[in-house]
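J.: The structure follows.
Numbering (our numbering), first residue to last: 38 to 175.
Here it is in structure tokens:
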């Protein structure tokens, strides 16, 4: 339920309150519940089907993967701003496209701000999950 709410907030963020930051915080809340109930080892062994090869949770591969999520999000967020500059517009200029006559939705608005929000989402998720894993290991 938390993840569904996070996705809804992510998708409505360019027009209504919400966006990448709050969606990322809600996603980390769902992961925090899994950590509190089962621990980090459960996430690696059961959900990701890997064997933790290290003694301390902070040395595990999953923490390095959180760093990759952070770096990827930073690249996407910065890339969305640079893409506007390449096209001759100011940094982070937003564009909107309307898709009409869709079978289920009718009309769908697609904004370039969603790409930036996805980058912010990945940065928040990667950073907070790294902090959560590091603090939880102590």
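Backbone N, C-alpha and C fix where the C-beta goes; we use that ideal spot for every residue, glycine too.
As the structure is a prediction and not an experimental result, all values here were calculated from the model.
What is the DSSP secondary structure of residue 100, reduced to helix, strand or coil?
T.: helix
J.: Do residue 106 and residue 148 have their beta-carbon atoms positioned less than 8 angstroms apart in this structure?
T.: No; because the gap between Cβ atoms is not below 8 angstroms, this pair is not in contact.
J.: So what does DSSP say about residue 141, is it helix, strand or coil?
T.: coil
J.: Residues in the same chain with beta-carbon distance under 8 angstroms from residue 127, minus the five sequence neighbours each way, listed in chain order, please.
T.: 121
J.: Keeping to the same chain, check which residues put their C-beta closer than 6 angstroms to that of residue 145; ignore five residues upstream and five downstream.
T.: 136 and 139
J.: With a threshold of 7 angstroms on Cβ separation, who are the neighbours of residue 104 within its own chain once the five nearest residues in sequence on each side are excluded?
T.: 163 and 167
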